[in-house]
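What follows is a short report on a single structure.
There are 2 protein chains.
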Amino acid sequence: MKKVPYRINLTEEYIPKQWYNISADMIDKAPPLLIPNTRKPATIDDLSQVFCRELSRQELDNENAYIDIPEEIRDYYRTCRPAPLMRAYALEKALCTPAKIYYKFEGNNTSGSHKLNSAIPQAYYAKQEGLKNLTTETGAGQWGTALSMACAHFGIDLTVYMVKGSYNQKPQRRTVMQVFGANVIPSPSNKTNSGKAMLEKLGKDTTGSLGCAITEAVEHAVSHENTRYVLGSVLNQVLLHQSIIGLESKAAMELYDEYPDIIIGCVGGGSSYGGLIAPFMGDKIKKTHNPYFIAVEPKSCPSLSRGKYSYDYCDVGQITPLAKMYTVGSDFIPSPDHAGGLRYHGMSPIISKLYDDKLIDEARAIEQTGIFDAAVEFARIEGILPAPESSHAIKVAMDEAVKCRETNEAKTILFVLTGTGYFDMSAYGAYMDKKMTDYIPTNEELKNSFEKLPEVE
Amino acid sequence: MKKVPYRINLTEEYIPKQWYNISADMIDKAPPLLIPNTRKPATIDDLSQVFCRELSRQELDNENAYIDIPEEIRDYYRTCRPAPLMRAYALEKALCTPAKIYYKFEGNNTSGSHKLNSAIPQAYYAKQEGLKNLTTETGAGQWGTALSMACAHFGIDLTVYMVKGSYNQKPQRRTVMQVFGANVIPSPSNKTNSGKAMLEKLGKDTTGSLGCAITEAVEHAVSHENTRYVLGSVLNQVLLHQSIIGLESKAAMELYDEYPDIIIGCVGGGSSYGGLIAPFMGDKIKKTHNPYFIAVEPKSCPSLSRGKYSYDYCDVGQITPLAKMYTVGSDFIPSPDHAGGLRYHGMSPIISKLYDDKLIDEARAIEQTGIFDAAVEFARIEGILPAPESSHAIKVAMDEAVKCRETNEAKTILFVLTGTGYFDMSAYGAYMDKKMTDYIPTNEELKNSFEKLPEVE
Chain A
0 MKKVPYRINL TEEYIPKQWY NISADMIDKA PPLLIPNTRK PATIDDLSQV
50 FCRELSRQEL DNENAYIDIP EEIRDYYRTC RPAPLMRAYA LEKALCTPAK
100 IYYKFEGNNT SGSHKLNSAI PQAYYAKQEG LKNLTTETGA GQWGTALSMA
150 CAHFGIDLTV YMVKGSYNQK PQRRTVMQVF GANVIPSPSN KTNSGKAMLE
200 KLGKDTTGSL GCAITEAVEH AVSHENTRYV LGSVLNQVLL HQSIIGLESK
250 AAMELYDEYP DIIIGCVGGG SSYGGLIAPF MGDKIKKTHN PYFIAVEPKS
300 CPSLSRGKYS YDYCDVGQIT PLAKMYTVGS DFIPSPDHAG GLRYHGMSPI
350 ISKLYDDKLI DEARAIEQTG IFDAAVEFAR IEGILPAPES SHAIKVAMDE
400 AVKCRETNEA KTILFVLTGT GYFDMSAYGA YMDKKMTDYI PTNEELKNSF
450 EKLPEVE
Chain B
0 MKKVPYRINL TEEYIPKQWY NISADMIDKA PPLLIPNTRK PATIDDLSQV
50 FCRELSRQEL DNENAYIDIP EEIRDYYRTC RPAPLMRAYA LEKALCTPAK
100 IYYKFEGNNT SGSHKLNSAI PQAYYAKQEG LKNLTTETGA GQWGTALSMA
150 CAHFGIDLTV YMVKGSYNQK PQRRTVMQVF GANVIPSPSN KTNSGKAMLE
200 KLGKDTTGSL GCAITEAVEH AVSHENTRYV LGSVLNQVLL HQSIIGLESK
250 AAMELYDEYP DIIIGCVGGG SSYGGLIAPF MGDKIKKTHN PYFIAVEPKS
300 CPSLSRGKYS YDYCDVGQIT PLAKMYTVGS DFIPSPDHAG GLRYHGMSPI
350 ISKLYDDKLI DEARAIEQTG IFDAAVEFAR IEGILPAPES SHAIKVAMDE
400 AVKCRETNEA KTILFVLTGT GYFDMSAYGA YMDKKMTDYI PTNEELKNSF
450 EKLPEVE
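Protein chains in written order, with numbering that gives the first Met the number 0: chain A, 0 to 456; chain B, 0 to 456.
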């Protein structure tokens with residue numbers, strides 16, 4: 000067997016021709032989305048009022064394990080995929096570990112993250128269905144950037160409701176979206192009734208919230224012709240598209256007769272981790288392999304490790320379907336942690352179900368300063384500047400590698416490095432200047448939030 | 000012949016084992032560097048007072064066409080190279096051109112540019128020689144970032160003098176260097192005698208220049224123990240290291256039986272373009288091929304198109320060796336153009352000689368707003384956010400492709416996309432808000448500057 004290179008750099012023939020739909024292979028399926036007023040399972044027709052029809056179909060598909068990737072989508076993937084699978088030789092050496100560390104690096108495209116994997120199909124299907132406009136919300140901005148790129152490519156107009164606090168704090172991110180032609184609106188805005196109500200209630204100077212931005216984007220979509228709403232995480236369709244991360248990783252490792260013992264990723268809504276683990280989880284369900292899965296989340300927003308497995312709204316405005324998921328409550332407002340992409344109260348229903356069934360073995364919550372310790376160490380050793388979100392996985396991969404040193408086990412560790420930190424330099428600056436603080440919600444705070452969870456029979 | 004992919008993604012076996020030294024194959028060599036006070040050609044011993052010894056040797060090597068790349072350097076290259084060679088199918092389609100457009104994309108590493116190609120060997124040789132500290136200057140910040148990364152990897156302390164205009168415009172860029180452990184100082188500073196003199200002369204509100212920052216970094220190096228100065232452009236050694244761009248591009252094109260008819264790149268000091276063209280220029284000198292070479296520069300700093308081919312200082316403080324080059328005069332302070340990496344008064348002596356000998360066929364100067372027109376169009380079509388510097392090459396490649404449409408010629412165009420624009424969002428913002436202006440120096444300004452050129456017999 001030849002030596003594993005530093006960067007396994009597959010040719011475009013290795014771009015999967017089909018996404019892998021883990022739902023089809025799950026013996027116990029995740030409970031369905033429910034329509035809020037009827038509490039009945041959402042149908043394709045229900046979902047199609049907000050989402051594209053094909054995406055609604057994918058959302059509810061529990062039967063087809065493989066779904067063809069249209070050639071036009073593969074053409075776009077060809078410009079930036081397969082993403083490299085890195086062998087972290089330098090990190091292994093620095094940690095003096097016998098572990099073999101691999102990471103799938105999803106930051107090597109202009110969106111700076113894995114978000115493009117789902118933005119491309121979402122924009123593509125919108126175009127196929129003759130839609131002219133899409134709306135979405137963005138917090139940290141990675142999803143908004145990815146979708147702006149995809150919409151520019153497919154000729155779809157895009158309106159992004161950007162949380163006002165981020166809009167003002169991250170003008171660079173806003174400009175990137177504008178360069179790609181998006182109409183970026185700080186939320187709450189006076190463009191929607193829900194935005195006006197929020198401005199009325201909180202005053203002009205409110206920094207807004209992701210919940211409000213979702214509500215505005217959905218309202219905009221349903222109140223305009225030829226317009227639908229798209230979402231960058233949480234949903235089954237997004238995990239489906241993101242399965243390309245896991246499929247490529249598995250194919251690359253197989254070339255070198257490798258299979259991961261431990262599979263690590265950060266979780267906010269669960270899109271990247273759901274995509275990474277999909278084919279490996281399929282193996283675990285079929286009992287051909289038994290990797291150990293660790294989902295990593297911030298201590299400031301501990302949905303898996305301290306949340307409840309319960310039906311909850313996906314947004315603060317409570318206009319979206321109810322999803323059964325690990326949640327700290329849609330009313331819970333996380334502290335302004337810098338890993339904005341992980342500040343979500345809930346969790347992908349698939350990830351939640353797999354965790355509840357103990358197929359995902361462990362959820363580990365880490366405090367922010369520990370994340371940045373790992374991020375800076377990793378950057379200096381591996382020469383990649385990671386996003387704070389991604390650094391959650393880095394931290395735990397490093398911890399596991401150190402355990403291997405102590406136990407002298409040559410385990411194979413795989414994690415996904417979801418994106419780069421170029422637009423997080425103010426957070427890095429705060430860390431370098433030792434001005435970063437940690438925040439952990441109290442039991443009382445969580446209890447108050449749990450009390451507001453909707454009751455579902 | 001199989002279809003050229005969107006992204007030619009070579010495996011690490013294609014990383015060259017040797018750099019290509021175009022000087023050895025040039026029939027008429029570039030005139031030597033001269034020591035300022037004696038006006039005698041600089042020797043290895045002279046240069047070694049400022050630079051590492053091996054780098055000084057490489058600087059003066061006119062004989063060895065191929066120079067081995069040490070394995071430790073190739074190991075670092077393996078983490079991010081070969082850089083992809085892209086076929087711009089989407090751009091070709093958008094421009095309705097029969098031209099085939101290829102670009103070498105050097106932005107897919109954390110430094111965001113090609114600068115890492117030379118930063119790695121320069122830090123490596125410093126470590127080999129037992130040095131503990133390096134100093135350098137940076138304009139746009141790409142070189143400083145690349146060198147910070149390389150120094151972090153090899154365990155060398157680094158002090159970066161950053162052009163003050165960029166330091167203020169790009170605080171994120173400064174933080175990146177700090178994350179990688181560098182000490183970043185805005186130039187002109189009061190840390191050096193030359194900095195103090197420049198502040199005195201230009202006032203404390205000066206935005207500085209690359210030339211000023213070079214003087215400070217050199218003074219810092221020669222006045223501290225165990226410290227040497229390194230430079231990211233202009234010098235022969237840098238072009239040597241950057242030849243990896245051209246070698247990889249040529250190897251990738253050969254796999255598909257392609258050879259460029261037109262070869263385009265931006266020029267500031269000439270490092271990326273010198274690297275790109277090296278092997279193709281070798282072919283031209285040996286008369287096996289005859290590609291057409293276009294060097295693109297900003298109208299605000301038109302060294303090749305309006306400068307003089309004359310001996311000049313490489314820095315404002317006039318402490319570096321004299322180089323024969325196209326120059327607008329070391330006293331010329333360019334306007335605060337956003338393409339900071341191209342704000343250099345001079346030009347690589349090799350590029351200058353090749354241009355003077357008409358082996359480089361054309362120098363084309365473009366105004367800033369035209370550059371950003373091209374950058375935004377390219378971003379939307381190709382899904383890459385280019386640096387303003389790189390966009391000079393994009394603009395001319397697009398212009399040449401449009402000419403091909405008009406003449407119906409299926410020419411093969413190759414350019415180097417040197418880096419990404421993530422840290423140039425304030426410039427993009429100014430452009431999107433239509434607040435960007437152009438600046439073209441008057442003949443009078445240039446005449447005044449030429450009058451201060453040093454006299455050399």
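Just so it is clear, CB atoms sit at the ideal spot from N, CA and C, and this is done for glycine as well.
>> So, with DSSP's three-state summary, where would you put glycine 418 (chain A)?
In response: Taking the first residue of the first sequence as position 1, residue 418 (chain A) is located at position 419. Strand at glycine 418 (chain A).
> Listing by chain order, which chain B residues have their CB less than 7 Å from the CB of phenylalanine 179 (chain A)?
Replying inline: In the first sequence, counting from the first residue as 1, residue 179 (chain A) sits at position 180. Those are Ala378 and Arg379, listed as they occur along chain B.
> Thinking just about the alpha-carbon of each residue, which of B:Gly420, B:Glu296 and B:Pro259 is nearest to the one in proline 278 (chain B)?
Replying inline: Along the second sequence, one-based indexing puts residue 278 (chain B) at 279. Distances from the CA of proline 278 (chain B) to each of B:Gly420, B:Glu296 and B:Pro259 were compared; the closest alpha carbon is that of B:Pro259.
> Should the stretch 349-369 of chain A be regarded as contacting the stretch 308-326 of chain A, the criterion being three or more beta carbon pairs within less than 8 Å?
Replying inline: Taking a cut-off of 8 Å for Cβ pairs, the stretch 349-369 of chain A and the stretch 308-326 of chain A touch, as three or more such pairs fall below it.
> From A:Asn235, A:Thr205, A:Leu32 and A:Leu84, pick the residue whose C-alpha is nearest to that of threonine 10 (chain A); which is it?
Replying inline: What you label residue 10 (chain A) is simply residue 11 of the first sequence in a count that begins at 1. Considering only A:Asn235, A:Thr205, A:Leu32 and A:Leu84, the residue with the shortest C-alpha distance to threonine 10 (chain A) is A:Leu84.
> Between lysine 190 (chain A) and the rest of its own chain, which residues show a CB-CB distance below 8 Å, the 5 nearest in sequence each way excluded?
Replying inline: By 1-based counting over the first sequence, the position of residue 190 (chain A) is 191. For lysine 190 (chain A), same chain residues with a beta-carbon under 8 Å away, outside a window of 5 residues either side, are Ile184, Glu215 and His219 in chain order.
>> Below 8 Å, how does it come out for the stretch 150-157 of chain A and the stretch 115-126 of chain A: are there three or more Cβ pairs, yes or no?
In response: Inter-segment contact for the stretch 150-157 of chain A and the stretch 115-126 of chain A is present: three or more beta-carbon pairs are separated by less than 8 Å.
> Measuring CB to CB, does valine 315 (chain B) end up less than 8 Å from glycine 210 (chain B)?
Replying inline: Against the second sequence, residue 315 (chain B) aligns to sequence position 316. Against the second sequence, residue 210 (chain B) aligns to sequence position 211. Contact: yes.
> For the stretch 372-421 of chain B, which segments carrying the beta strand (DSSP E) assignment without a break, of at least 3 residues, lie completely within its bounds, in sequence order?
Replying inline: You should have 411-416.
> What did DSSP end up calling proline 35 (chain B) once you bin it into helix, strand or coil?
Replying inline: Translated into the one-based positions of the second sequence, residue 35 (chain B) becomes position 36. Assigned with DSSP and collapsed to three states, proline 35 (chain B) falls in coil, not helix or strand.
> Based on Cα-Cα distance, which residue from A:Met397, A:Thr419, A:Lys410 and A:Val401 lies nearest to serine 389 (chain A)?
Replying inline: Reading the first sequence from its first residue, position 390 is the one you call residue 389 (chain A). Ranked by Cα distance from serine 389 (chain A), the options A:Met397, A:Thr419, A:Lys410 and A:Val401 are led by A:Thr419.
> Given a limit of 7 Å on CB to CB distance, which residues of the stretch 148-164 of chain B reach chain A?
Replying inline: Taken in chain order, the members of the stretch 148-164 of chain B whose beta-carbon sits within less than 7 Å of a beta-carbon on chain A are Met148, Ala151 and His152.
> With distances taken between CB atoms, is the gap from threonine 205 (chain A) to lysine 163 (chain A) smaller than 8 Å?
Replying inline: For the purposes of this step, residue 205 (chain A) is taken as the residue at position 206 of the first sequence. For the purposes of this step, residue 163 (chain A) is taken as the residue at position 164 of the first sequence. Contact: yes.
>> Check for me: the beta strand (DSSP E) holding cysteine 265 (chain B) runs from which residue to which?
In response: Looking up residue 265 (chain B) in the second sequence gives position 266. Under the DSSP assignment, cysteine 265 (chain B) falls in the beta strand (DSSP E) whose first and last residues are 261-265.
> Which bits of chain A does threonine 319 (chain B) rub up against, with CB to CB less than 9 Å?
Replying inline: Residue mapping note: residue 319 (chain B) aligns to position 320 of the second sequence, counting from 1. The CB of threonine 319 (chain B) never comes closer than 9 Å to any CB in chain A; the least such distance is about 30 Å.
>> I'd like to know whether the C-beta of asparagine 8 (chain A) is nearer than 8 Å to at least one C-beta of chain B.
In response: The count along the first sequence starts at 1 and reaches residue 8 (chain A) at position 9. Asparagine 8 (chain A) belongs to the set of residues whose beta carbon lies under 8 Å from a beta carbon in chain B.
> Quick one: is threonine 109 (chain A) near chain B, going by C-beta distance under 8 Å?
Replying inline: As a working note, residue 109 (chain A) is residue 110 in the first sequence. At a cut-off of 8 Å, the C-beta of threonine 109 (chain A) has a neighbouring C-beta in chain B.
> How about isoleucine 370 (chain B) and threonine 109 (chain A): do their beta carbons lie closer than 8 Å?
Replying inline: As a first step, residue 370 (chain B) is located in the second sequence; it is residue number 371 there, counting from the start. As a first step, residue 109 (chain A) is located in the first sequence; it is residue number 110 there, counting from the start. No, Cβ-Cβ distance for isoleucine 370 (chain B) and threonine 109 (chain A) is not below 8 Å.
> Does the beta carbon of glutamine 141 (chain A) sit closer than 8 Å to a beta carbon anywhere in chain B?
Replying inline: Your numbering for residue 141 (chain A) matches position 142 in the first sequence. Closer than 8 Å to the CB of glutamine 141 (chain A) there is not a single CB belonging to chain B.
>> Cβ closer than 7 Å: which chain A residues qualify as neighbours of isoleucine 428 (chain B)?
In response: Along the second sequence, one-based indexing puts residue 428 (chain B) at 429. Note that residue 428 (chain B) is glycine in the sequence shown, not isoleucine. Contact note: glycine 428 (chain B) reaches chain A through Pro170 and Thr174, using a C-beta cutoff of 7 Å and chain order.
> Can you check whether the CB of isoleucine 284 (chain A) is closer than 8 Å to the CB of isoleucine 72 (chain A)?
Replying inline: Residue numbering aside, residue 72 (chain A) sits at position 73 when the first sequence is read from its first letter. Residue numbering aside, residue 284 (chain A) sits at position 285 when the first sequence is read from its first letter. No. Outside cutoff.
> Which value, in whole angstroms, describes the spacing of the CA atoms of glutamate 457 (chain A) and glycine 194 (chain B)?
Replying inline: Beyond the ends of chain A as shown, which are 0 and 456, falls residue 457 (chain A); an answer cannot be given.
> Would a C-beta distance cut-off of 8 Å place isoleucine 68 (chain A) and proline 15 (chain A) closer than the cut-off?
Replying inline: Here residue 68 (chain A) refers to the residue found at position 69 of the first sequence. Here residue 15 (chain A) refers to the residue found at position 16 of the first sequence. Yes, the pair counts as a contact, with Cβ atoms nearer than the cut-off.
> What did DSSP end up calling proline 278 (chain A) once you bin it into helix, strand or coil?
Replying inline: As a position in the first sequence, residue 278 (chain A) is number 279, starting the count at 1. In the structure shown, proline 278 (chain A) sits in a helix (DSSP, three-state: H, G or I).
>> Can you tell me where the beta strand (DSSP E) holding arginine 227 (chain A) begins and where it ends?
In response: By one-based count along the first sequence, residue 227 (chain A) stands at place 228. Where arginine 227 (chain A) is concerned, the enclosing beta strand (DSSP E) stretches over 226-228.
> By Cβ distance below 7 Å, which residues in the same chain neighbour arginine 77 (chain B) in space, the five residues on each side in sequence not counted?
Replying inline: Here the question's residue 77 (chain B) lines up with position 78 in the second sequence. If we look at arginine 77 (chain B) and ignore the five residues flanking it on each side, its Cβ neighbours are Glu11 and Ile14.
>> Considering only their Cβ atoms, is the gap separating threonine 135 (chain B) from leucine 230 (chain B) smaller than 8 Å?
In response: On the second sequence, residue 230 (chain B) is found 231 positions in, with the first residue counted as 1. On the second sequence, residue 135 (chain B) is found 136 positions in, with the first residue counted as 1. Less than 8 Å separates the beta-carbon of leucine 230 (chain B) from that of threonine 135 (chain B).
> For a contact meaning CB atoms closer than 9 Å, what does glycine 382 (chain A) contact in chain B?
Replying inline: The residue you call residue 382 (chain A) lines up with position 383 of the first sequence. What glycine 382 (chain A) touches in chain B: Tyr75, Thr78, Cys79, Asn108, Thr109, Ser110, Leu115, Met148, Ala149, Ala151, His152 and Phe179.
> Beta-carbon separation of leucine 275 (chain A) and glycine 245 (chain A) under 8 Å?
Replying inline: The count along the first sequence starts at 1 and reaches residue 275 (chain A) at position 276. The count along the first sequence starts at 1 and reaches residue 245 (chain A) at position 246. Against a cut-off of 8 Å, the Cβ pair of glycine 245 (chain A) and leucine 275 (chain A) comes out as a contact.
>> Nearer than 7 Å: is that true of the beta carbon of serine 351 (chain A) relative to any heavy atom of the ligand HEM?
In response: Ligands in the displayed structure: none, and consequently the ligand HEM is not present.
> Should the stretch 434-454 of chain A be regarded as contacting the stretch 197-204 of chain B, the criterion being three or more beta carbon pairs within less than 8 Å?
Replying inline: Result no; under three Cβ-Cβ pairs closer than 8 Å.
> Are the C-beta atoms of glutamate 11 (chain B) and some chain A residue less than 8 Å apart?
Replying inline: As a position in the second sequence, residue 11 (chain B) is number 12, starting the count at 1. Yes, contact with chain A.
> Hey, is tyrosine 354 (chain B)'s beta-carbon within less than 8 Å of any beta-carbon in chain A?
Replying inline: Working through the second sequence from its first residue, we reach residue 354 (chain B) at position 355. For tyrosine 354 (chain B), the answer is no, since every Cβ of chain A falls outside 8 Å of its Cβ.
> How is serine 188 (chain A) classed by DSSP in three states: helix, strand or coil?
Replying inline: Along the first sequence, one-based indexing puts residue 188 (chain A) at 189. When secondary structure is reduced to three states using DSSP, serine 188 (chain A) falls in the coil class, being assigned neither helix nor strand.
> Helix, strand or coil: which one does DSSP assign to methionine 252 (chain A)?
Replying inline: Here residue 252 (chain A) corresponds to residue number 253 of the first sequence, with the count starting at 1. Per DSSP, reduced to three states, the secondary structure at methionine 252 (chain A) is helical.
> By the criterion of Cβ-Cβ separation under 9 Å, what are the contact partners of tyrosine 421 (chain B) in chain A?
Replying inline: Locating residue 421 (chain B) in the second sequence gives position 422, counting from the first residue. By Cβ distance, chain A contributes Thr109, Gly111, Gln171, Val175, Thr419, Tyr421 and Phe422.
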